[in-house]
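Engineer: First residue of the sequence shown: 1, per the UniProt record's numbering; consecutive thereafter. Note that beta-carbon positions come from the ideal geometry of N, C-alpha and C, so glycine has one too.
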Amino acid sequence: RFIQYAVNRFAAFSNITWDLGDDLDSYRDEKWTHDTGTLLEQWDPYHHLATSHPAVSMLHQDRAASWFGFTSYQD
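Below, the structure is given as structure tokens:
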């Protein structure tokens with residue numbers, strides 16, 4: 001519910017990107033990432049770029065999905 005509120009509140013701004021969470025694979029699984037990213041894509045009428053930020057594995061990023069807009073990587 002919070003994510004939908006945030007999208008409704010901030011989607012009209014042009015200078016934002018969405019990040020599903022920092023160190024996401026520490027507390028969420030790949031299904032949550034895919035499902036939430038898909039919902040985010042549906043809720044955002046302006047189609048801002050979106051990503052997820054994994055802690056350990058770059059495989060946790062849902063790069064083949066239509067919602068995924070850029071790779072977030074930290075070394």
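Short of 8 Å in beta carbon distance, which residues of its chain neighbour D19, apart from the five on each side in sequence? Order them along the chain.
Structural biologist: Here residue 19 is taken as the residue at index 19 of the sequence shown, counted from 1. Contacts found: A50, T51, S52, H53, S72.
Engineer: Roughly how many angstroms lie between the CA atoms of T33 and H48, to the nearest whole one?
Structural biologist: The count along the sequence shown starts at 1 and reaches residue 33 at position 33. The count along the sequence shown starts at 1 and reaches residue 48 at position 48. Going by the C-alpha atoms only, they are around 17 Å apart.
Engineer: Buried or exposed: which applies to D44, given that a residue is buried once 16 or more other Cβ atoms fall within 10 Å of its Cβ?
Structural biologist: The sequence position of residue 44 within the sequence shown is 44, counting from 1. That one is buried.
Engineer: D62: buried (16+ other C-beta within 10 angstroms of its C-beta) or exposed?
Structural biologist: Along the sequence shown, one-based indexing puts residue 62 at 62. So D62 ends up on the buried side.
Engineer: Please state whether DSSP places W67 in a helix, a strand or coil.
Structural biologist: On the sequence shown, position 67 is the one that residue 67 refers to. Three-state DSSP puts W67 in coil, outside helix and strand.
Engineer: Does the beta-carbon of D25 have 16 or more other beta-carbons within 10 angstroms, so that it is buried, or is it exposed?
Structural biologist: Translated into the one-based positions of the sequence shown, residue 25 becomes position 25. With 16 or more other Cβ atoms within 10 Å, it is buried.
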